[in-house]
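**Q** Take the sequence shown: its position 106, counted from the start at 1, is 106 in the numbering used here, and no numbers get skipped.
I'd like to ask you about the structure that follows.
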Amino acid sequence: MRVRDLLAQRLPLLLASAGGCVLSALLLHLLGVGGASTAFICLVLFVPVAVCCGVEAYIRSRYYQHLARVLGELDRKSLLPQLMEEPSFAEGRFWKEVLAACGKSMNDQIDRRAVEAREYQEYIETWVHEVKTPIASLLLSVEGGRQPDPAAVRREAERIDGYVEQALYYTRSGAPEKDYAIRPVSLRQLTADALKKNATLLIESGARVQSDGLDRTVYTDAKWAVFILGQLFQNAAKYRGEEPLSLSLRGEAGAEGVSLSVCDRGVGIPLQDQGRVFEKGFTGENGRAFARSTGMGLYLCATLCKKLGMGIRLESRVGEGTCVTLTFPKGSYHLAGGEAGETR
Numbered sequence: 001m002r003v004r005d006l007l008a009q010r011l012p013l014l015l016a017s018a019g020g021c022v023l024s025a026l027l028l029h030l031l032g033v034g035g036a037s038t039a040f041i042c043l044v045l046f047v048p049v050a051v052c053c054g055v056e057a058y059i060r061s062r063y064y065q066h067l068a069r070v071l072g073e074l075d076r077k078s079l080l081p082q083l084m085e086e087p088s089f090a091e092g093r094f095w096k097e098v099l100a101a102c103g104k105s106m107n108d109q110i111d112r113r114a115v116e117a118r119e120y121q122e123y124i125e126t127w128v129h130e131v132k133t134p135i136a137s138l139l140l141s142v143e144g145g146r147q148p149d150p151a152a153v154r155r156e157a158e159r160i161d162g163y164v165e166q167a168l169y170y171t172r173s174g175a176p177e178k179d180y181a182i183r184p185v186s187l188r189q190l191t192a193d194a195l196k197k198n199a200t201l202l203i204e205s206g207a208r209v210q211s212d213g214l215d216r217t218v219y220t221d222a223k224w225a226v227f228i229l230g231q232l233f234q235n236a237a238k239y240r241g242e243e244p245l246s247l248s249l250r251g252e253a254g255a256e257g258v259s260l261s262v263c264d265r266g267v268g269i270p271l272q273d274q275g276r277v278f279e280k281g282f283t284g285e286n287g288r289a290f291a292r293s294t295g296m297g298l299y300l301c302a303t304l305c306k307k308l309g310m311g312i313r314l315e316s317r318v319g320e321g322t323c324v325t326l327t328f329p330k331g332s333y334h335l336a337g338g339e340a341g342e343t344r
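Printed below as a string of structure tokens:
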């Protein structure tokens, strides 16, 4: 930025100062003050203002030129706030603070994106490792021209379908509002669809299901809610221990909305792990003890519940079981992220 450009910004001040000098000269002339004295007084009034404007313009011009030179030499322009010299004028210090705040915000966002990319890569690596197991089982079942067991083929195919579905929902979890539509649906219909979708796993687990209060209507996206329930059923089956799976489904109306509790009598979750079960990739003590644990199921449940305006909480005791409660908000239009999407 050139000196004359900066002086042009001070032109109103210089014109005002010059106008003041002219008025002062007229007043002094009317009072009979001599011309030399009048000129001296006008110079005393105008010159300091002009000098200050000129010095300020020069200092600012030098600083901005240095700033432009540093910016031009940088490969990573985002480093400019860290390399800026401390300016000697207030406006420069203000803009330095603004740039520093903007740079910090951008760097924080870059760090978050890097963490998300790393977590996504780790999840995909885990997912590929897990999905290879049922694929290998299917290939082994037809090896050597043997007639595969239809039940075994169906079981492994459903496992693959479950892994693919989880990966799909994980990919969409960043912006589920683009793919949901809020509709009234009964708890009975939601639980029936989720039980049917996971029927093979539940039958193999010897599941006994008890239900109560499921005739209540809630407002949610049925597809996403069925997926959430499916994750809870799969966890219950996976961590049931040596006993057959026992599931209890209970609907209840409360002050915050309609709640649906999914309870089992499995191994339970250690107290020290319960505060982290909804974290991405957290497997805990049970995840290390049992196979096929990615630590993504409950994370996806919590993420989707938040987007859908639902509540989710977990209670558990080791050796007694786990109870996860979903709370559906009251009313037909209660969303966490804005309007409901209509695409399916």
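Positions of the beta carbon are idealized from the N, C-alpha and C atoms, including for glycine.
1) State the CB to CB distance for the pair residue 308 and residue 260, rounded to an integer number of angstroms; the pair is presumed to be in contact (CB under 8 Å).
2) According to DSSP, which residues form a beta bridge with residue 253?
3) Between which residues of its own chain and residue 313 is the CB-CB distance below 6 Å, once the five residues before and five after are set aside?
4) Tell me whether residue 193 counts as near the ligand HEM, meaning its Cβ is closer than 7 Å to at least one heavy atom of that ligand.
5) One question on the structure: do residue 303 and residue 186 come within less than 8 Å of each other, judged by their Cβ atoms?
6) What does the alpha-carbon distance come out to for the pair residue 150 and residue 227?
7) Go through the region 152-227 residue by residue and report every complete run of the beta strand (DSSP E) that reaches 3 residues or more, in order.
8) Classify residue 19 as buried or exposed, calling it buried when 16 or more other Cβ atoms lie within 10 Å of its own Cβ.
9) Note down the Cα distance separating residue 59 from residue 51, rounded to an integer number of angstroms.
10) Around the C-beta of residue 339, are 16 or more other C-beta atoms found within 10 angstroms, so that it is buried, or is it exposed?
11) For residue 216, which option in 29, 289, 42, 330 has the closest C-alpha, if you only look at C-alpha atoms?
12) Please report how far the alpha carbon of residue 197 lies from the alpha carbon of residue 110, in whole angstroms.
13) Where does the unbroken alpha helix (DSSP H) through residue 119 begin, and where does it stop?
14) As a quick exercise: from 234, 276, 256, pick the residue whose alpha carbon is nearest that of residue 264.
15) In its own chain, which residues sit with a C-beta less than 7 Å from the C-beta of residue 137, not counting the 5 before and 5 after it?
16) Compare the C-alpha of residue 128 against each of 231, 255, 162, 253 and name the closest.
17) In chain order, what residues of the same chain have a beta carbon less than 7 Å from the beta carbon of residue 48, not counting five sequence neighbours either side?
18) Going by the beta-carbon positions, is the gap between residue 269 and residue 191 smaller than 8 Å?
19) Indicate the three-state DSSP secondary structure (helix, strand or coil) for residue 242 in the structure shown.
20) The beta strand (DSSP E) spanning residue 78 covers which residue range?
21) Using only CA atoms, which one of 135, 282, 240, 214 lies nearest to residue 320?
22) Look up residue 364 in the DSSP assignment and say whether it is helix, strand or coil.
23) Give me, in chain order, the residues of the same chain whose beta-carbon lies closer than 6 Å to that of residue 116; leave out the 5 immediate sequence neighbours on both sides.
24) Name the DSSP beta bridge partners of residue 52, please?
25) How many Å lie between residue 277 and residue 229 at the Cα?
**A** In short, the structure shows the following:
1) With 8 Å as the limit, residue 308 and residue 260 do not qualify as a contact, their Cβ atoms being about 13 Å apart.
2) Residue 253 pairs with 258.
3) The answer, listed in chain order, is 325.
4) No copy of the ligand HEM appears in this structure; indeed no ligand is present at all.
5) No, they are not a contact pair.
6) Approximately 25 Å, taken between the alpha carbons.
7) You should have 183-186, 208-212, 217-220.
8) Around the CB of residue 19, fewer than 16 other CB atoms lie within 10 Å, so the residue is classed as exposed.
9) Near 12 Å, if we compare the C-alpha coordinates of residue 51 and residue 59.
10) The predicted model places residue 339 with a pLDDT of 43, which falls under 50 and marks its position as unreliable, so this point remains unresolved.
11) Closest by alpha carbon: 330.
12) Each residue's Cα considered, the two are about 39 Å apart.
13) First-last of the alpha helix (DSSP H) with residue 119: 90-141.
14) Minimum Cα distance to residue 264 is reached at 234.
15) So the qualifying residues of the chain are 156.
16) If we check each option's Cα against that of residue 128, 162 comes out closest.
17) Within the same chain, no residue comes within 7 Å of residue 48 by CB-CB distance, once the 5 residues on both sides are set aside.
18) Cβ atoms of residue 269 and residue 191: not closer than 8 Å.
19) When DSSP states are grouped into helix, strand and coil, residue 242 belongs to the coil group.
20) Here residue 78 belongs to no beta strand (DSSP E), and DSSP marks it neither H nor E.
21) Residue 320 has its Cα closest to that of 240, out of 135, 282, 240, 214.
22) Not covered by the structure: residue 364. The range shown for the chain is 1 to 344.
23) For residue 116, where only same-chain residues beyond five positions count, there are no Cβ hits under 6 Å.
24) Residue 52 is not bridged to any residue.
25) Taking C-alpha positions only, residue 277 is separated from residue 229 by approximately 16 Å.
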